[in-house]
Structure formats: C-alpha cells, structure tokens
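One structure is given below, encoded as structure tokens.
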C-alpha cells in the first residue's frame, strides 16, 4: 500500500513542532521536511540573547539531534529551496526541476526581516538578525568593532542592544516613532526600557528617522533627521514580513500572511500553514491576527498535526511572549487591544513590576518585568475572562494568588 | 555523559545518556521523552518543563531561585519536589538521577 505523504516547508519552530506532534500521534504516513538553511531545525529566540552573547553552542539551538529524524524516518532536507507549489496536482518543485508529490502540505516558512535600501558597497557592514549565520557574522563583526548603530527600537533591536552593550561596545538605537516599542506596548513599558538602556550607557534616539547610509573614513554613517551617527557597523531590526509568496503564487489566499482557519487549513483543503507566516483567527480577541511568537508556532504546529491525523483540534490560545534584556525578564501575555485602563503593581524603579491592561473590568493583557507570579496569574485571569477589582490588583499587601476573592 | 532516568507519569522509565553541561530539560527534549514540553526552550519563561526530583538528590542540586519558585507555584501539578528542568544543569554527580514527570505541563 502506498503511504500517505506529508511535506513540510520550513525549518523553524512550527515546522519542527508539526513533525514532532505527528510522530507522537503515531502518524503512519511519510514525512519530509525542506529547510532553506543548512542547519537542523533550531530555536530562534536565543539568537538575539544567549547565542549572540556567545554563551550557547549552535548545537544547543537544535530542537532535536539528527538521530531523532533518522529514528523516526523523517526525511530532512537542508539547503533545500522550494521553488513552486502546484496545488492542482499536489506537487512541490525544488531546484533542478526536482519535484515531490504530497497528500498534505504544510507551509511553515516564517518571516524575513524588512530590509532598508543600502548601496552594495556598504552592504557588508549592514546586518539583519534572523538566522544562526546572521548571528555568527555579527559576532565576528563585534570582535573588530567599538561602535554599533541599531536601527529600530523593537524587541529584537533592544535585546541586541543589551547584549552588545554587555560585550563592551558603544550602542546607539535609532527609532523613528516617538517612543521605543510603540507598536507593541504601552508608554509605561516604553519609558521603563528607555531608562534601563540609557542607564546601561546605550544612546536611545526617538523621533529620529533614517534618511540614508554612507561610508567615510571613520566608518559607516547613518544619516538621520537629527544628524549623522558614525559607527563601525549597523544592525537593522525594523520588523519582519511574512514569507507568503510561495503560497500566493500558487493561488492560496494571503493577506499579510497565509490565511488559515482555526484548524490551520489554508484556502486549499490539502495545504496547511503554521507559525509566524499565518494570518489566523483568534477567538479571544475576535479578529484575525498574525503573530511573531514561539507559543503560536508551537500551538499551530500541534493544530496542523491534529488536522492531518483527523482529530481536528481547533487552535484557541491567548498569545504570550517574553524578552530578556540585561537583568530584566519581561513576560507578556495577551494583546493590547483597546484597553480602557492600566494598573501598575510594583515599582518600576526596582525593576520589579507588572502592568495590567484592563477592558470592561477584566485583564486582557499584561507586561510583567521580573514578576513571574503576576505573569502566571494573568494567564489564568485572562483566559478565564475573570472580572477583577482594580484596587486589589494594585495593592501589594494582597498576594497575587489571592487577588480574586 | 551521565545516565538519567526519566519516568513518565504512568511509570514508564526512559534511561538515557545526557551530556554534562546541558540541562535536565534538554536531556529530555533531545531524547524525545514524552512529558516535558519546554515551550520557551530554556528561557525560564513558561514553566512547561516541570519535573519531580527525589529528596535524596537535594544536596547535589542547585537551589531554586525566587523566579523559578513563583513559576512552579502556578503549575497545575506542583509537588514539594517540583523543579523546572531548564534551571538544573547536569553535572557528573547526577549519574543515575531519577526524575519523574507530571501528567501534563498545562
């Protein structure tokens, strides 16, 4: 009998989770993974943290050792670019006109960094951070440099700034918006992290847009609306774009990401998608969203596996994220979606506090800095849509576990 | 390498070799031991790698930080012997260590 065949495009968290979940569900079909990079599927969060710092070997980033794939008869194809998908004939095309047919296709292609226009002559001094190779290149560059400019004050830019500052370089962050992290969080958190970075010696420039890059005898100059900044190299972290071209060119519906339903099925019945590249429905916030998050990649990977095996368990999750900068661990749960009040519990000066975002007397999101208990409690309160007493929430004499009577 | 015995909630034992310097969590994940999820990959941010470690190992194991304690406090299946596997680096002393796992990490 011919076995059913599932092909997975991508080598990140969602791709690996899909395969792992299929194996744990004793899927008896054939599994083939196609990764564009030359590494076994690996974790990305440490790239801008411990791996950039040089505290982790790259092998420790791999989700699974090679023997996992061989023992479970998963064919893992590295350096393998998928050129085209033919959804009519259920085939994917690889380089050199090689093709592969499928019964189920999983697109877990993730995102690529948004680029800036740079003259070819200086492109070797402008870096993006998405892959192991990107970080290895940045690490080499750090060794021969004293100053770096980071374009973009989002989480990646800030995490990278913290590490490179720790490594002894002078760091300048350039942010176009009036405050760092503007797109993703509140004024409270933005000003907290601005202060943390400034105290560490990082220069944080907001309301500063980049007009161009040029090279002179002193290094590379970032020309901004507030003048020029000279450094040895530049890292750009201005957001990412979903890798959805492969899908859209094959006729699968996309709109800022590959559109999927709660079972992670695309507009084609045999094609599924998971991870950062999906535009998916979120029941909790009642809208379609695209998330850049490990948690989402894991949960959608699991969902795809259930869709393939026929169990069909719908994805239904409150998103959560984390960020490490200096001595602070930020844990985030929920999305800041039209909140009507903010409650701060703890002390920003002591770098130990939680910010709760409230809507109609229920918490819809929280940012917790060095406050794991508040984070864990928020998860319960948010998913349970529990009504809270705002005065109790800010009262530190009441333990967080007893915040709801 | 040391031998670690991971014990699923139903009693199934998985004796595996784990590299010194990695963590109890990594030893489970790289050997595909069911029962540890480790969503955040060792960031100490998710509390999905909780394990139970017998009292007899207490002296050899690094003590628990306040952060780890807080995360465990909210775990559905916490016990007195709970630890987060990602917070415990494997040393030579751990040869023969037995770790039990909860019925679920959620």
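Protein chains in written order, with the numbering used here: chain L, 85 to 489; chain R, -6 to 99. Glycine included, C-beta positions come from ideal geometry on N, C-alpha and C.
- Within the region 151 to 175 of chain L, contact with chain R at the beta-carbon level (separation under 7 Å) is assigned to 152.
- In the structure shown, residue 98(R) adopts coil according to DSSP, grouped into three states.
- Residues of chain R whose Cβ lies closer than 9 Å to the Cβ of residue 268(L) do not exist; the shortest such Cβ separation is about 17 Å.
- For residue 137(L), no CB of chain R lies under 7 Å from its own CB, so it is not counted at the interface with that chain.
- For residue 88(L), the closest of 166(L), 167(L), 188(L), 170(L) by C-alpha to C-alpha distance is 188(L).
- Rounded to the nearest whole angstrom, the C-alpha separation of residue 44(R) and residue 147(L) is 19 Å.
- The shortest CA-to-CA distance from residue 374(L) to any of 195(L), 216(L), 429(L) is the one to 195(L).
- In the DSSP assignment, residue 217(L) falls within the alpha helix (DSSP H) that extends over 216 to 227.
- Looking at the DSSP output, residue 308(L) sits in a beta bridge with 294(L), 311(L).
- Counting of Cβ neighbours within 10 angstroms places residue 283(L) among the exposed residues, the total staying below 16.
- Within the same chain, 247, 250, 251 come within 8 Å of residue 137(L) by CB-CB distance, once the 5 residues on both sides are set aside.
- Contact annotation: residue 169(L) and residue 354(L) have beta-carbon atoms that are not nearer than 7 Å.
- Secondary structure in the region -5 to 70 of chain R: the beta strand (DSSP E) runs of 3 residues or longer, each lying completely within the stretch, are -5 to 0, 6 to 11, 43 to 46 in chain order.
- The C-alpha of residue -1(R) lies about 9 Å from the C-alpha of residue 28(R).
- Ranked by Cα distance from residue 467(L), the first of 366(L), 377(L), 182(L) is 366(L).
- Chain order gives the chain L residues near residue 25(R) as 104, 107, 108, 148, 152, 155, 156, where near means a beta carbon separation below 9 Å.
- Taken atom to atom, the span from the alpha-carbon of residue 48(R) to that of residue 243(L) is near 38 Å.
- Taking a Cβ-Cβ cut-off of 9 Å, the neighbours of residue 130(L) in chain R comprise 34, 35, 36, given in sequence order.
- Every alpha helix (DSSP H) stretch that sits fully inside the region 253 to 291 of chain L and reaches 4 residues is listed by chain position as 271 to 284.
- For the region 54 to 69 of chain R, the beta-carbon criterion of a distance under 7 Å to any beta-carbon of chain L is satisfied by 60, 63, 64, 66, 67.
- Within chain L, the residues 456, 460 have their CB atoms less than 9 Å from the CB of residue 40(R), given in chain order.
- Residue burial annotation: residue 296(L) is exposed, with fewer than 16 other C-beta atoms found within 10 angstroms of its C-beta.
- The residues 445, 446, in chain order, have a CB closer than 6 Å to that of residue 471(L) in the same chain once the five nearest residues on each side in sequence are set aside.
- DSSP, reduced to helix, strand and coil, places residue 415(L) within a strand of the structure shown.
- The alpha carbon of residue 192(L) has as its nearest neighbour, out of 131(L), 464(L), 261(L), 117(L), the alpha carbon of 117(L).
- DSSP places residue 440(L) in the uninterrupted beta strand (DSSP E) bounded by 436 to 443.
- Assignment of residue 179(L) by DSSP, reduced to helix, strand and coil, places it in the helix class.
- Residue range 329 to 333 is occupied by the alpha helix (DSSP H) that includes residue 333(L), with no beta strand (DSSP E) assigned at that position.
- For residue 463(L), the enclosing alpha helix (DSSP H) has its first and last residue at 456 to 467.
- It is roughly 14 Å from the alpha-carbon of residue 85(R) to the alpha-carbon of residue 91(R).
- In this structure, residue 241(L) and residue 257(L) form a Cβ contact; the two beta carbons are roughly 6 Å apart against a cut-off of 8 Å.
- With its beta carbon less than 7 Å from one in chain R, residue 382(L) belongs to the interface.
- For residue 478(L), the enclosing alpha helix (DSSP H) covers residues 474 to 478.
- Between the C-alpha atoms of residue 416(L) and residue 19(R) there is a straight-line separation of about 24 Å.
- Membership of residue 157(L) in any beta strand (DSSP E) is not indicated, and neither H nor E is assigned to it by DSSP.
- Closest in alpha carbon position to residue 309(L), among 457(L), 379(L), 293(L), is 293(L).
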